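Report on the following structure.
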Amino acid sequence: MLNRVIREFGLELQSINEVEDSHSSTVYRCTLLKGENVFLKIPFTKLKFQRELEAYEILKGSVSIPDLLDYWPGDDECSGAFLLSELKGTPLTTKVSPTIAFQVGVLQAEMHNIHHPEAKELKGIQNEFANWSDFVEKQFYSFAEDVKDVLDPQLYKQAIEKFEKMKHQLPAPDEPSFVHMDFRPANIIVGDQNVAGMIDFESVRFGSTEIDFTKLYRDFLRFDSALYSSFKDGYKSIRPLIDLDIVLPFYQFTDAFNSIGWCKRRGLEKNALFLEENLVRLKGFLQ
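Under our numbering, think of the first position of the sequence shown as 1364, with each following residue one higher.
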C-alpha cells in the first residue's frame, strides 16, 4: 500500500521513516531528493480520511496547521492518503517556558472560535453539539463494553455509578465549536521558541469545548501551575474560558475509563503502560 501511495503522489525519496505515537493513521516522515521533508498520512478508515480532509479546508487560514500539499481519495484497498508539509519543530513537552504555554492557549482558543460552516455540507465531521450529553454518554458506554472485560466487577459497578452521578452535575455545554478531541502534547508542535501549530484531525467534531482540555491537562498543564496559569491567560486573550475546575473532574474520570477501553480494543499487552496509568487514575477517582 505504501508504494502505491508514493506512486500516486509521484514522490522521489531519499528516505522514509514511520512516525511513532500515531494511533488513528499510519504516518511516514519522508525526505525528498531535493532535501525537503514532507509527511505521508494514511488514515485507518474512510471516515477518518474525510474528517481530516474537511478539517484542513475549515482550519486553513484561521489556525496554524501543516499545508495540505496533495491528497488521494483512495480505492477499495486504501482509505486514502495525504501529503503534508512539515511543521518545523518537535512535540510539546513540560520543559517549556510560560510563553509557550500562553501560545498553546492562543492556538486552542483560535480553533475553538471556529463554528460550524452553515453554507457547507460536511460528510465527515459530525456536529454533536445539539445532543452533546448523549454524545458523551454514548462514547462512555461504547467503551464500557470493553472496560467490563478488564475491571473487577465491583470496580466496574462503582465506575458506572460515578458516571451517572457526575454527568448530572455538569453545567450547560459551552457554545458549539470546532473541537480537536485529541488535543495533547504529541499533536502540538513547538519550534524555535514558538508554537508552530497542531496536527492530526481524524477525531474532530463540532461540539462543546469542555471536552478538549482533558488530555492537555492530563499530559501537560497539571504538572506546573505557572504553565497552567499562562495557558489560561493565552486562551482568554482570544475568547472566554469556561470554568475548568467544574468540568475537568468529570472529563478526567471519563478519559481514564474510556482509555482503559481503548487499550482493550488496541491490545492490552501492546498498551500495558498506558493501561496501568489509567487504572491508577480511575481508582483514584473512585476512592
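For each residue, glycine too, the CB sits at the ideal point set by N, CA and C. Here the structure is a predicted model, which is why all the values come from computation and not from measurement.
For T1462, the uninterrupted alpha helix (DSSP H) segment begins and ends at 1461-1475. When rounded, the separation of the alpha-carbon atoms in L1645 and T1577 is 14 Å.
Going by DSSP, L1642 is part of the alpha helix (DSSP H) stretching over 1635-1649. Per DSSP, reduced to three states, the secondary structure at A1535 is coil, with no helix or strand assignment. Judged by beta-carbon spacing, S1388 lies within the 8 Å limit of E1565, meaning their Cβ atoms are closer than that value. The beta carbons of L1450 and I1552 sit closer together than 8 Å. Within a 10 Å sphere around the beta-carbon of N1641 sit 16 or more other beta-carbons, which makes this residue buried. Following the DSSP letters along the chain, one finds A1418 inside the alpha helix (DSSP H) bounded by residues 1409-1422. Residue burial annotation: T1617 is buried, with at least 16 other C-beta atoms found within 10 angstroms of its C-beta. The alpha-carbon of I1605 is positioned some 48 Å away from that of L1396.
V1558 and C1626 have their alpha carbons spaced roughly 30 Å apart.
Judged by beta-carbon spacing, H1475 lies within the 8 Å limit of R1602, meaning their Cβ atoms are closer than that value. Distance between R1568 and D1497, taken at the CA atoms: about 14 Å. I1379 is bridged by DSSP to C1393. Taking C-beta atoms under 8 Å as the contact rule, D1575 and V1542 qualify, at a distance of about 5 Å. Around the beta-carbon of A1589, fewer than 16 other beta-carbon atoms lie within 10 Å, marking it exposed.
Counting only residues of its own chain and dropping the five nearest sequence neighbours on each side, N1400 has a CB closer than 8 Å to the CB of R1392, C1393, T1394, E1449.
Pairing A1464 with G1597 gives a Cβ-Cβ distance under 8 Å.
Of the candidates S1505, L1470, P1536, P1612, the residue whose Cα lies closest to the Cα of G1424 is L1470.
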